[in-house]
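Its first residue numbered 12, the sequence shown is counted upward by one per residue in the working numbering.
One structure is given here, and the rest of the page talks about it.
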Amino acid sequence: MSLINTAISGLNVAQTALEVTGNNISNAETEGYSRQVVEVSSSISLYTGSGYIGTGADVVDITRITDEFLTVQLRSDTSDFFDLETYRELIEQVDTLISTDSTGLQSSMDQFFAALQTAAENPAYIPSREVLIGEAESLSAQFNMVADYLNDIETTLDSQIAASAKEVNSLAETIALLNQQIMSSAGSATGLDANDLLDARDQAVLELSSYIDVDVDEVDGGYNISIGSGQALVLGVTSYSIEATASESDPTQMGITYVGATSRVDITDDISGGSIAGMIDFREQSLDSTYNSIGQLALTISEAINSTHTYGLDLNGEWGGEFFSEINSDDLVSNRVTSFYTNTSANDNYFSVYIEDTSALTGSDYTLSVPGPGTTRYQITDGDGNVVLEGGLQNDFPQEIEFDGLRLVIEDGSFAEGDGFTINPYSGAAENMTTVISDPEAVALAYPIRAITNLSNNGSGEIDQGTMLSIDTETFSVDGELSPPLVIVFHDEYTYSVYDNTDEGNPVSLEPPLEYLSYVPGTTNTIFTDDPGETQVSSWRARLPFDATTVDQGDTEDLYNGINPERFEFYYTDSETGEVTLMDDLSTESGASAAEIANELSFIDGVEARAYTEVQMTNFTNNGTTYVPDNEFEVWINGFNITSEVTASSQTTYMDGYPEEVPDEMTPDFLADRINSHYELVDSGIVAYSDGTTLTIVDSSGEDIVIEMTGDKPDEVLVDGVPDVIDPGDSFQLSTGQTWSIDPIVGNTDGSLNNNTGYDFTEEGPYEYELYLPDGRTGYITLDQNYSDAETMIADIEDKITDLLDDTSVAEVSIDASGNLSYKTLMTISGTGDPTQVEAVSIGGQVDITMADGISLETDPDIGGIFNGIPDAQSTYFGFQFEISGNPEAGDEFSIEWNEDGVSDNRNALDLVNLETAEIVYGTTTMGELYSLTVERVGAQTSSVQVLASASEVILETTAAEVQSIQGVNLDEEAALLIEYQALYSANAKVISVAQELFDTLLATF
């Protein structure tokens, strides 16, 4: 090759280098442009005798300057940044919404409760009530606005996800096309890469990574791009797509579905990185939880205000109605469940979801699934994937499932294995909250109950004005009155009973009885339970013995107290599953005292038993006449003689003020005074009462009461009298006070029986009655006569019942104010006529068993036990509680009655006010704290994502700068290269010039 050709090759290299450098400078600001360089190599040298001589230089290739590691890192950093930046932009909207006074809820809540406080200060003042309603309307409107704004964000989010999916598809098509062009150029005659196409492809991939995280593999010059959990978006020259479709778990939200060659896959949960992931993460981590929290707060405040408001009375004495809209309206309960779009069943399911307990709500959505095998089992998981409940699908609908304060009712439908359903308890709660009360007079600020302290009370006991818990009880079953009104009567400073006070002045036992309850003086004692499910079952009082036993005084250890052996079995019924399990069981021995039985039962969890023993002594026969021989009428209670003469001033048997003289005629008053003054009897818990006719002795602990007596034997013929006289003897009748109802089964007197007039049972007769007998049998009597007076009627009924008894006792019949018949039995205890012998009886007590919600009792045997034939367990829940403090004394009374004309009563208003600080969320948190926690959570998320987004931006900028430093155009360097290549060009031109001169010189020689 000639010198000139060598120079020309150098000239070509310099010219190409100048052109590439000029192209670099021209594209210095072109996005995605990679700096190009010229690769030069020496031409093939030629061999000469003097050695190898070069023939110049060739341009081998024009290559892009890239760094594969940095390119991958730039894509990853871009995905991370757009993920966090998108999240930041969205969550800042929510943070501003709920944390700003003008758009958040806290200010409206504060103003509402302030208006309640103002109304409570003057409950009869109409303008205050009007302001309260206005603030309630503002509060519900604010809830609507916040929920609507969150729904708008959701709608916008769905649109953005759909738009982003389209952009991803467009970029995937572009990349596939570029792959084709690049692979074609690589297969051309030159076999060289098209640098601009490579730049365009890398730029398209980088832009794609701003929407979604991608994995890139280069195969045969083409890019294979995968997303999600490995789904191919681009395979060589073929592109696939994604679609924004209804989310599998919630058709109301947009998810991402991958559309492959032969299948469609929901990849919403597999997407990471890019703006799409940022939108999905924001929705799942922030938007949904905020929406749920706002809905939970709306449900809680609505239910709390509504339920408390319905406990009260308005200005017209009517029950309060709904204040805010019902949280379990038909529209709400039927729209809290959505089906997965992937369900394979007929999609004919119909659900209802009821909010049963707002304090148990968790703020989470749930998934109801049919995991298989088959369709016999369901599983409920919370938003974190934790299994909350699982059980069997009955396929016999409706089926109810209760969990986390919710009651899910599967009304109807069919299921297939793999079916799923999303349960959102908060759907529509806040946006549909409205204030439904409009009449200021209808605001219920008063209580329906009030407590009255008897003006004759001697103690320092004080009763508060109560706390309302519910009106869904029998107590409030009749409008305008308590059913029944109650009276609390103190027997002494340690015990009290609660009676039905319908007939004032003649209170009777409740059903179930609440008698001889313990009281702790000097402290605050809560009266009545707050457990709606608490029930009580009360035994019969131990039956009277067949007859008294004649024994030596004090020899009473072998006396039978009327209590037979009995077995107790306690069961627990799970309220959610209905499963019944045996909790515990025990057996009691024959002759065990009621106190012993109660003590054993009280060791069982959820069971509390109390016992008391009552004895009534009446119809004393002792006229005080001295007969010969004459035996003293003496009575012993639990071994203590309470009828002996005690006159010594130093005596230590009785307290000061005891009756010293024993009267000629034994009376209930004397015996009661002696018992209540007896140190040891009082210390053992014995107390006595007398109404002048009947002596009632009570052991409030339930120990047996042993009664002994001696005196003249009735009907003894005396020889000293002229003529002979008959000593009526000493005696009394004994009863446990137990009464049994006499229930009509044929015929109806319509409550017309009374203690003053008779009744004609021949008219529409005969009448049949059913009654429980003390030995456990069921007895029947027939009334078919026309009684002219009540005395004859009652006597005949008593005779009929006495004939049914299997012992020596007699029946005593009573008619209450409602015309209902009942009876009790009386046995006669008489003197023996032998001062060394006594007639003795041991009286057992009654056991009341209180059981917590879900607990039930079964006893065995069926006949003979004190719990045989008793009524079913009954609720002890009245729907209110009272507190008594101080030191009441025996005979003190407190009445609980309907609150007539309570227009100035503000107790329900105060309860409404107190809801602001009540821990009614989760049982530990107030409504204000729930909102604050929501604001704090969103604020913390906002702050965190702001920091992460800023850090991600710095990382992205750093990576981009590194990429730019390597493959970007540096104008200073390119300017230097221009000078270098210009000099190269000039030098090669000089070589050509020299070669020309040499050639000219050569020609000149010829």
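Yeah, the Cβ is synthetic: ideal placement off N, Cα and C, and Gly gets one too.
Cα-Cα, which of the options is closest to residue i?
i: Val364; options: Gly402, Pro576, Arg461, Thr433; result: Thr433
i: Val70; options: Glu100, Ile36, Glu30; result: Glu30
i: Leu921; options: Gly33, Ala25, Gly43, Thr129; result: Thr129
i: Asp667; options: Ala215, Gly332, Thr654, Thr658; result: Thr658
i: Thr861; options: Gln848, Glu526, Ile716, Glu779; result: Glu526
i: Leu941; options: Asp91, Gly374, Gln993; result: Gly374
i: Val914; options: Ile253, Gln307, Gln191, Gly328; result: Gly328
i: Ser598; options: Pro576, Glu927, Gly306; result: Pro576
i: Gly758; options: Glu452, Tyr770, Tyr510, Ala173; result: Tyr770
i: Asn133; options: Asn917, Asn536, Leu343, Thr935; result: Asn917
i: Asp5; options: Ile686, Ile697, Gln47; result: With the chain running from 12 to 1017 in the structure shown, residue 5 is simply not present.
i: Gly403; options: Glu590, Val276, Gly565; result: Glu590
i: Phe123; options: Gly115, Ser149, Leu81, Ile931; result: Ser149
i: Tyr571; options: Asp903, Val276, Ala135, Val852; result: Val852
i: Phe154; options: Thr114, Gly394, Glu973; result: Thr114
i: Phe889; options: Tyr996, Thr546, Asp795; result: Thr546
i: Asn765; options: Met804, Arg578, Asn38; result: Met804
What distance in whole Å lies between the Cβ atoms of residue j and residue i, which are believed to be in contact at a cut-off of 8 Å?
i: Asp430; j: Val381; result: 5 Å
i: Val447; j: Ser613; result: Rounded, the Cβ-Cβ distance is 47 Å, inconsistent with contact.
i: Gly289; j: Asp163; result: About 18 Å separates the two Cβ atoms, so there is no contact after all.
i: Gln952; j: Ser297; result: 6 Å
i: Tyr669; j: Asp684; result: 7 Å
Determine the contact status of residue i and residue j, defining contact as a CB-CB distance below 7 Å.
i: Phe651; j: Phe743; result: no
i: Asp710; j: Ile716; result: yes
i: Ile574; j: Ala553; result: yes
i: Glu259; j: Thr353; result: yes
i: Val956; j: Asp106; result: no
i: Ile474; j: Phe893; result: yes
i: Tyr510; j: Phe501; result: no
i: Leu168; j: Val924; result: no
i: Ile708; j: Val646; result: no
i: Ala176; j: Ala255; result: yes
i: Ala147; j: Asp503; result: no
i: Thr843; j: Thr561; result: yes
i: Glu165; j: Glu580; result: no
i: Ala622; j: Ala605; result: yes
i: Val519; j: Glu904; result: no
i: Thr27; j: Glu50; result: no
i: Leu988; j: Thr77; result: no
Leaving aside the five residues before and after residue i along the sequence, list all residues of the same chain whose C-beta is less than 7 Å from its C-beta, in chain order.
i: Glu178; result: Tyr222
i: Ile55; result: Thr66
i: Val730; result: Reliability fails at Val730, whose pLDDT of 45 lies under 50, so the model's placement of it is uncertain and no value is given.
i: Glu485; result: Ser494
i: Ser139; result: Thr129, Ala130, Asn133
i: Ala18; result: Asn999, Val1002, Ile1003, Ala1006
i: Thr704; result: Thr629, Pro679
Give me, in chain order, the residues of the same chain whose beta-carbon lies closer than 8 Å to that of residue i; leave out the 5 immediate sequence neighbours on both sides.
i: Leu310; result: Ile338, Ile366, Thr369, Leu372, Pro436, Tyr437, Ala440
i: Glu333; result: Asn317, His320, Thr321, Val447, Ile448
i: Gly491; result: Gly328, Trp909
i: Thr760; result: Tyr770, Tyr778, Gly830
i: Asn358; result: Ser350
i: Asn206; result: Ser45, Gln47, Ile73, Thr74, Arg75
Who does residue i pair with in a DSSP beta bridge?
i: Trp551; result: Answer is none; Trp551 lacks a bridge partner.
i: His689; result: Tyr665
i: Ser886; result: Thr546
i: Ser742; result: Thr632, Ser841
i: Phe893; result: Ile538
i: Met862; result: Thr546, Val618
Apart from the five residues just before and just after residue i, which ones in its own chain have a Cβ nearer than 6 Å to its Cβ?
i: Ser220; result: Arg86, Thr89, Ser90
i: Ala200; result: Legend: pLDDT at Ala200 = 46, less than 50; position of this residue unreliable, value from coordinates given subsequently. Result list for Ala200: empty, nothing under 6 Å.
i: Thr445; result: Ser151, Ser336
i: Ser752; result: Ser833
i: Asp814; result: none
i: Leu14; result: Ala1006
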